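Worksheet: the structure to be examined is printed underneath.
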Amino acid sequence: MARSLAGFLALFPFVLICGAASLFQPISDSHRSAALELFTPTHGSFKSLEETYEALRTFEVLGIEKKPDVTATACRSISETLGSLTSTPKDLFYALKANSIVKCKINEKTSEGIFTRLNAAVNGASSLLDFYYSIGGLVLIKGQTSKADVYLTDAEGVFRSVKAFSQSDGRWRYSSNNPESSAFAAGIALETLAGIVSLASSEMDQSLIITLKNDVSKLFDSIEKYDVGALYFDDKLVDGREHQGPLSTTSSVVRGLTALAAVTAGSVNLPGDKILGLAKFFLGIGVPGDAEDFFNQIDSLACLESNRVSIPLILSLPSTELSLTKKDSLKVRVNTVLGSNAPPLTVKLVGAFSSGSKDASLVESQELKFDAETGVHILSNLPKSIDVGSYTFVFEIVLHESEHVKVYVTGSQTKVPIFVTGLIKIESAEITVLDGDLGSIETQKKLDLAGHNAVSLSANHLQKLRISFQLTTPRGRAFRPHQALLKLRHESKIEHIFLVGNSGKQFEIVLNFLGLVEKFFYLSGRYDIELTVGDAVMENSLLRAIGHIELDLPEPPEKAPRPPPQPVDPYSRYGPKAEITHIFRAPEKHPPKELSLAFLGLTILPLLGFLVGLLRLGVNLKNFPSKAIPATFAILFHVGIGAVLLLYVLFWLKLDLFQTLKLLGFLGVFLVLVGHRILSHLAATSAKVKSA
Amino acid sequence: MKNLSFLFIFGISFFPLLCFSFDPETPTDRRVLVLLDDFSLKSSHSIFFNSLKSRGFDLDFKLADDPTLSLRRYGQYLYDALILFSPSTERFGGSLDLAAVLDFVDSGHDLIVAVDASASDLIKNIATECGVDFDEDSSAMVIDHKSYAISGTEGDHTLIASDDFIQSDVILGKTKIKAPVIFKGIAHSVNAANNLVLKVLSASPSAYSANPKSELSSPPLLTGSAISLVSVVQARNNARIMIAGSLDLFSNRLLRTAVQKAGSPDKYEKSGNEQFVTEISKWVFHERGHLKAVNLKHNKVGETDEPAIYRIKDDLKFSVKIYEWSGKSWETYVADDVQVQFYMMSPYVLKTLSTDGKGLYHASFKVPDVYGVFQFKVDYLRLGYTSLSLSKQIPVRPFRHNEYERFITTAFPYYGASFTTMAGFFIFSILYLYNK
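As structure tokens, this is what we get:
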């Protein structure tokens, strides 16, 4: 836990650094709009009376007119809480706090009852928070009723019992059996004790008050500091459960301190710088995004705004950038933390230092003129010795009336970083290609860096490229910009960057290509030339494409370094791919149908020739058996042959091999039988004829 | 003892929560661990955190060196996403370290890293592992003397206004970000070899990365548009990472500030930061751009059932449904560039699917005349969307013997010759036997 806290502490300045470095602005309109955003009632009311109080208090301090109207609902819940017998002193305390702003009527009887209950609570209190809530409630009810006799009977006794929680280092404990002490508790205790003092029926013992004030001084010895001048309290040794951030701790101390200062006679002896440091801490936070933090910030600032110790005055500048060319005047505003006007005073510029150097001041001490209408202190002409650049200006505030010196705290000197900007004159810019050995000028072109240029040059690796220009400030001095870069970009998007060096006003860069071939990866081709000249104080910072140079570099040797890969354009990587359609195999080429049919016709010709030949030969069927049985077999035999041939035709047309073979099997057996009968008959007949 | 029983009841009541881990059906993250250097960030960056809370995220704020830190317990991840707003942390507390963060991302969880000028090596290493290289010079910041934000109080031009966004509706939302985004922080470059990382917000050509307080002694390592201000990574497992070079980018102060870019006459009441960080966090936490594909179907034209095999040259119909997660429900996804591949070793057919506008994508094509084991493949990779990669295997067979063409005219002369010969034989057989 301790380590995490250390981290917490070390890193809190981060927030401060974000809010304008070491220059603190008083509360402004951005706070007002943020307040309305942070404190938005849900269904016309806030979650609790504590939150209602915080919201209303914030609106009151910031003077917000258009606040959400929650009076009716708030009054209802206040009177419910006050009337209820079960509400704790804490509830009563916040109800009364809310009521101090809403100002609902509380009837006599209720307030009487609360008074007795709180009084009893004070007598029975054993811890610091018990005292805080009950005494706080009593203080509030005193302010809210007409009843005059609200006071503590034994104020000193209560005072001593609260004082018993204090520690030697100015911190306080929450209760007597809790050994841990904290600054947060100290703030609560101070507020409680201030309440007791205001409730006391008679004058308190002064020695008690004096020891208390000493405690406060001791507490302020343990204050922590940022290097920007902000001071804050933080509790290091508390358990995580009750840990309060630096903001709420500091806020609690500020509340206690201002309450105590308000009720006691004589001043609390604190150096004004500490109060100013606290104010800077609260302002440095900027606009918190958390409602509670926001309330703590605003409430503490409001306490500081009207405290009796010393009221901090904040010096701020509307703009820390001054243009020499536009003849801007130096404007300084001095306000209280909440942005209201300061008493009559004079702002003096006592010094100006060029940042980074510890030389003597560049200006003599001079007063700024006060413009009563706008409430701004103005130095209309910057001294001649101030040229463009960044400076630290040192201001001092001198209050006119000596009474105010006691009331207000201004800090001895305020250091503000100032940027003085101006238009820089760019002259005699030229680009030259030089011959390597002799340094003779090959081509030379003038450049107009304020306008458009499109030079096209060409060079080989034995030549040099020179670019030169001059920079002068408005006051006629040499100017050295932070950024003076020459960029050569090859077609393949590989970039080479060179710093342009200077001697006085003259800026010059000579690129000897012979020495650069390796760096250029031996890539010949077109290089675009780009010149960037810029600085924080240069109003006309420029980025100019000058043109291009065609470089002719030697072929790379084998071991030359390869250029690094360049990032691929993401848009091209993700697009849809080109469609692919399958190319089907081309169908085999067939001769034309007519040709096939013609040849089909030709194939019939031999059959026709055969038939014609048969007719010519005069064939006959005289040998056909005349008897019935052989004739039947002959007919069956030839029908069978015909059937087989027909089967072949069917095989071609529709049948498959298996069907065909099956049928062919039957037909074959049939044919063998009938064939044998008819052929043996024929053979027998012919044998008879022969033998006869 | 009382404490123990309390812990027990506490544990039991959280048990269902622990079981609820990243679910592919509702890809939006729910539980987010936010690691801070300092609790004041909760207040100074509250608008960003509140916008996350209002979108239903459970934010668990912890200090980065909290000794109880851990991302997983009993093998289960306790969080869906991690926000590292702790740029200067040298070592995380608890069991968290570089490897644990990378394992977290490798298991598909999301990460937001924001750094500032005080970035530690640990955080830079996390970024490097994600493909983003921060400037090695620890004092360098992004400076831009041409497109800085005019503020009146910050004269060193490190508060830069950038409007060079990535052109992607899915990452930055459909509404164009009009006002420039204000940035104050350090530069990084994306690794050229890593094609998963994208520059979302780039610097202008005149920017460079250097220490604003000292003079340049050597050319700056990062200049111009090569400088990335905010980058995102979508890993192959669809884990999303955002790396921003500026923690202030998310701060209330820059979210609420008015902005005017130098050299531009346009003034904006509010910077583009709020819209930018809200939209990009929606993307990172999978409230947008998360796709799923269901109902992958294919069949022969004229049929409805899915066949087990196709024949070459069949006409087929392919369809798939694609939905996009909107953060609450699955909405139909409409695009005209979804493609299907019919793939065997290489795509034989690659066709853009036509859509009915209701999430159904379909296409018809003819099976190529090559047989083998094919795949239907939908590889949908679009900028910012999660990648869809579906494949379904399907074999393709050649023609059967009886599926070829049977009566080819060209062959008719051969048939004619056979049949006339047969006819001749028939006549001859009769005449030969009975002629006298």
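Protein chains in written order, with full-length UniProt numbering: chain A, 1 to 692; chain B, 1 to 436.
Note that the Cβ used here is the ideal one computed from N, Cα and C, for glycine as well.
Everything numeric in this text was worked out from a predicted model, so none of it was measured.
Cβ-based neighbour list, residue i, same chain, cut-off 7 Å, excluding 5 preceding and 5 following
| i | result |
| --- | --- |
| H490(A) | L523, G525 and Y527 |
| N273(B) | V181, I182, L249, L254 and L255 |
| D437(A) | none |
| H157(B) | I143, D144, H145 and Y148 |
| A55(A) | F39 and F46 |
| V334(B) | T355 and G357 |
DSSP bridge partner residues for residue i (one or two, in chain order)
| i | result |
| --- | --- |
| K377(B) | Q341(B) and S391(B) |
| A417(B) | According to DSSP, which records beta bridges pairwise, A417(B) is partnered with nothing at all. |
| A161(B) | I182(B) |
| V347(B) | The residue you asked about is not Val; residue 347(B) is Pro in the sequence shown. Per DSSP, Y343(B). |
| T432(A) | Q444(A) and R466(A) |
| N502(A) | F507(A) |
| R333(A) | S316(A) |
DSSP state of residue i mapped onto helix, strand, coil
| i | result |
| --- | --- |
| D66(B) | coil |
| G515(A) | helix |
| V132(B) | strand |
| I386(A) | coil |
| G525(A) | strand |
| E401(A) | coil |
| D353(A) | Residue identity check: residue 353(A) is Phe in the sequence provided, not Asp. Three-state result, F353(A): strand. |
| K622(A) | coil |
| Q167(B) | coil |
| G63(A) | coil |
| K109(A) | helix |
| A200(A) | strand |
| E331(B) | strand |
| D121(B) | helix |
| D60(B) | strand |
| V230(B) | strand |
| P606(A) | helix |
| A98(A) | helix |
Neighbourhood of residue i by C-beta distance below 6 Å, restricted to the same chain and skipping five residues each side
| i | result |
| --- | --- |
| R240(B) | D110, Q234 and V284 |
| F14(B) | Annotation note: pLDDT 45 at F14(B) (below 50); position unreliable, coordinate value reported separately. Hits under 6 Å: none found. |
| S323(A) | T421 |
| A244(B) | A114 and V230 |
Exposed unless 16 or more other CB atoms sit within 10 angstroms - verdict on residue i
| i | result |
| --- | --- |
| Y571(A) | exposed |
| M345(B) | exposed |
| S387(B) | exposed |
| S251(A) | buried |
| N252(B) | buried |
| L462(A) | exposed |
| T42(A) | exposed |
| G137(A) | buried |
| F666(A) | exposed |
| Q25(A) | buried |
| R544(A) | buried |
Near the ligand NAD: residue i beta-carbon under 7 Å from a heavy atom
| i | result |
| --- | --- |
| G357(B) | Inclusion of the ligand NAD in the displayed structure is not the case, the ligand content being empty and no account of it being possible. |
Cβ-based neighbour list, residue i, same chain, cut-off 8 Å, excluding 5 preceding and 5 following
| i | result |
| --- | --- |
| D37(B) | L63, A64, F85, S86, P87, S88 and T89 |
| D121(B) | E90 |
Determine contact between the stretch 297-315 of chain A and the stretch 250-264 of chain A, defined as no fewer than three beta-carbon pairs at a distance below 8 Å.
Yes, since at least three Cβ pairs between the stretch 297-315 of chain A and the stretch 250-264 of chain A fall closer than 8 Å, the two stretches touch.
Specify whether the stretch 101-108 of chain A and the stretch 84-92 of chain A touch according to this definition: at least 3 beta carbon pairs, one from each stretch, less than 8 Å apart.
In the pairwise beta carbon analysis, the stretch 101-108 of chain A is classified as not touching the stretch 84-92 of chain A: fewer than three pairs are separated by under 8 Å.
Okay, do the stretch 140-147 of chain B and the stretch 193-211 of chain B touch, 3+ Cβ pairs below 8 Å being the bar?
The way I'd put it, the stretch 140-147 of chain B does touch the stretch 193-211 of chain B; three or more beta-carbon pairs between them come closer than 8 Å.
Examine the Cβ distances between the stretch 400-419 of chain B and the stretch 340-354 of chain B and report whether three or more of them are shorter than 8 Å.
Contact between the stretch 400-419 of chain B and the stretch 340-354 of chain B is absent, because fewer than three Cβ pairs lie under 8 Å.
Between the stretch 118-135 of chain B and the stretch 38-47 of chain B, are three or more C-beta pairs nearer than 8 Å?
Look at the beta carbons and you see the stretch 118-135 of chain B not touching the stretch 38-47 of chain B: under three pairs across the two are nearer than 8 Å.
Are there three or more Cβ pairs, one per stretch, closer than 8 Å when the stretch 372-379 of chain A is compared with the stretch 399-407 of chain A?
Segments in contact, no.
Pairs of beta-carbons, one from the stretch 217-230 of chain B and one from the stretch 261-272 of chain B, closer than 8 Å: are there three or more?
At 8 Å Cβ cutoff, the stretches do not touch.
Taking 8 Å as the cut-off, does the stretch 344-358 of chain A touch the stretch 317-335 of chain A (at least 3 CB pairs, one atom from each stretch)?
The stretch 317-335 of chain A makes contact with the stretch 344-358 of chain A, as at least three CB pairs between them are under 8 Å.
Between the stretch 424-435 of chain B and the stretch 620-633 of chain A, are three or more C-beta pairs nearer than 8 Å?
Under the three-pair Cβ rule at 8 Å, the stretch 424-435 of chain B counts as touching the stretch 620-633 of chain A.
Pairing CB atoms from the stretch 273-291 of chain A with CB atoms from the stretch 27-39 of chain A, are three or more of them under 8 Å?
Touching, yes, given that three or more Cβ pairs across the two stretches are closer than 8 Å.
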